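A.B. asks:
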DNA sequence: CCAATATATTGACATATGTCGATGTCTATG
DNA sequence: CATAGACATCGACATATGTCAATATATTGG
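Chains as they are written, first to last, in the working numbering: chain A, 1 to 115; chain B, 1001 to 1115.
(1) For residue 101 of chain A, would you say it is in contact with chain B, using Cβ-to-Cβ distances shorter than 7 Å as the test?
(2) Please list, in chain order, the chain A residues whose beta carbon lies closer than 8 Å to that of residue 1077 of chain B.
(3) Going along chain B, which residues have a C-beta under 9 Å from residue 70 of chain A?
(4) For residue 74 of chain A, I'd like the list of residues in its chain whose CB is within less than 6 Å of its CB, leaving aside the five on either flank, ordered along the chain.
(5) Please state the DSSP three-state secondary structure of residue 40 of chain A.
(6) Hey, does residue 60 of chain A have any beta-carbon neighbour from chain B nearer than 7 Å?
(7) If we ignore side chains and look at the alpha-carbon of each, how far apart do residue 22 of chain A and residue 61 of chain A end up?
(8) Just verifying my parser: in three-state terms, what is the DSSP assignment at residue 1005 of chain B?
(9) Please decide whether residue 107 of chain A counts as near chain B, where near means a Cβ-Cβ distance under 7 Å.
(10) Helix, strand or coil: which one does DSSP assign to residue 69 of chain A?
(11) Any C-beta of chain A within less than 7 Å: which residues of the region 1035-1061 of chain B qualify?
(12) Across the region 1026-1035 of chain B and the region 1095-1102 of chain B, are there enough close Cβ pairs to call them in contact, namely three or more that are closer than 8 Å?
(13) On a CA-only basis, which of A/25, A/18, A/77, A/72 is nearest residue 49 of chain A? Give me that one, please.
(14) Pull up the distance between the alpha-carbon of residue 41 of chain A and that of residue 53 of chain A, whole angstroms please.
(15) Just the C-alpha distance for residue 20 of chain A and residue 115 of chain A, rounded to the nearest angstrom, thanks.
(16) List the residues of chain B that residue 21 of chain A touches, going by C-beta distances under 8 Å, in chain order.
(17) In this structure, what does DSSP give as the bridge partners for residue 1096 of chain B?
(18) Kindly give me the distance between the Cβ atoms of residue 1112 of chain B and residue 108 of chain A, rounded to whole angstroms, as I take these residues to be in contact under 8 Å.
(19) Buried or exposed for residue 45 of chain A, going by 16 or more other Cβ atoms inside 10 Å?
(20) Using a beta-carbon distance below 7 Å, is residue 1028 of chain B in contact with chain A?
(21) Would you say residue 1004 of chain B faces chain A, with C-beta separation under 7 Å as the test?
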């Protein structure tokens, strides 16, 4: 399984450096969606926690306590990250495992490239 | 003059790649502030428009029409970008000239580095 | 000093967002 | 099938945000 997020992961708007040429409205919208997912401390810490796992993946159940937020709040933020294409998820039995989608992170990084 | 933004430009939280190690609460807060400034299409287009100027700088008066928003709205977004340390400004007579702060953009870019 | 222009600020409004408790849904296991 | 556990969703709430019209604050020219 482990399907990538269908929402925004596809329309990557990769390789559109902000500083190179004026953004189109569509590119600006899509990029803003990506950065919006990164614009919250809880989500940044989640992303960081997921990436910190030696296996590269982590059970959602192991994210609630380190984040220090309620389970519904963690679930909400994970959903935002997923819909932004920044993380992928896979259900195994009762648990859901999350991993970072490095390509998506890199795409946003590219948008901030020198020019 | 052309002083850099006093707000966030200093506490750069540069060189703190998200994916390398779990973020501290403070780093997450500061990073989120930076990405928040990028999390709006109008601000991304502004940043892009400013960067697109051959001289590297542009009068605020020349940003209203291309952005297609009201003057107060443009002024508001420029303030957000300024307070995030992403642009610098200099008043010359009646006009205010804006330019991108590439170091700040690069700092946010570094936060998204591979690991 | 007055009029004109550029920019910032204020006030108002609708909408979006982060958060939590309560509840629903699914899955494994007696 | 009943129970327990993991996760998602719902409802509610306070707060934040994008937007504009109106107004205030410079600054330049006459």
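All C-beta atoms in this analysis are idealised placements derived from N, C-alpha and C, irrespective of residue type, glycine included.
Being a predicted model, the structure only gives us computed values, none of them experimental.
C.D. replies: With the structure as the only source:
(1) Locating residue 101 of chain A in the first chain gives position 101, where the first residue counts as 1. No, residue 101 of chain A does not count as interfacial toward chain B.
(2) Counted from its first residue, the second chain places residue 1077 of chain B at position 77. Near residue 1077 of chain B there are no residues of chain A at all, since even the closest Cβ is about 12 Å away, more than 8 Å.
(3) One-based indexing of the first chain puts residue 70 of chain A at position 70. Those within 9 Å of residue 70 of chain A in chain B number zero; the least Cβ separation is about 17 Å.
(4) Counting from 1 along the first chain, the entry for residue 74 of chain A is found at position 74. Same-chain partners within the cutoff: 63, 64, 67.
(5) Counted from its first residue, the first chain places residue 40 of chain A at position 40. Three-state result, residue 40 of chain A: coil.
(6) For the purposes of this step, residue 60 of chain A is taken as the residue at position 60 of the first chain. Output row for residue 60 of chain A: interface = no.
(7) Your numbering for residue 22 of chain A matches position 22 in the first chain. Your numbering for residue 61 of chain A matches position 61 in the first chain. Their backbone Cα atoms lie some 43 Å apart in a straight line.
(8) Position 5 of the second chain, counted from the start, is the residue given in the question as residue 1005 of chain B. The predicted model places residue 1005 of chain B with a pLDDT of 39, which falls under 50 and marks its position as unreliable; any figure quoted below should be read in that light. Here residue 1005 of chain B sits in coil by DSSP.
(9) As a first step, residue 107 of chain A must be located in the first chain, where it is residue number 107. With 7 Å as the cut-off, residue 107 of chain A does not count as an interface residue toward chain B.
(10) Locating residue 69 of chain A in the first chain gives position 69, where the first residue counts as 1. Reduced to three states, the DSSP call for residue 69 of chain A is coil.
(11) 1035, 1036, 1038, 1039, 1040, 1041, 1044, 1045, 1047, 1048, 1049, 1051, 1052
(12) no
(13) Within the first chain, the letter at position 49 stands for residue 49 of chain A. Closest by alpha carbon: A/77.
(14) In the first chain, the residue the question calls residue 41 of chain A occupies position 41. In the first chain, the residue the question calls residue 53 of chain A occupies position 53. Each residue's Cα considered, the two are about 19 Å apart.
(15) As a working note, residue 20 of chain A is residue 20 in the first chain. As a working note, residue 115 of chain A is residue 115 in the first chain. Roughly 4 Å separates the two Cα atoms.
(16) The sequence position of residue 21 of chain A within the first chain is 21, counting from 1. Within chain B, the residues near residue 21 of chain A are 1048, 1052.
(17) As a working mapping, residue 1096 of chain B is identified with position 96 in the second chain. DSSP output for residue 1096 of chain B lists B/1091 as bridge partner(s).
(18) If you number the second chain from 1, residue 1112 of chain B lands on position 112. If you number the first chain from 1, residue 108 of chain A lands on position 108. With a Cβ gap of about 6 Å, residue 1112 of chain B and residue 108 of chain A count as contacting.
(19) By 1-based counting over the first chain, the position of residue 45 of chain A is 45. Burial call: buried.
(20) As a first step, residue 1028 of chain B must be located in the second chain, where it is residue number 28. Chain A, which has a Cβ nearer than 7 Å to the Cβ of residue 1028 of chain B, makes this yes.
(21) For this step, residue 1004 of chain B is matched to residue 4 along the second chain. Only weak support is given to the placement of residue 1004 of chain B: the predicted model assigns it a pLDDT of 39, under 50, and the value that follows is read from those uncertain coordinates. Chain A contact via Cβ: absent.
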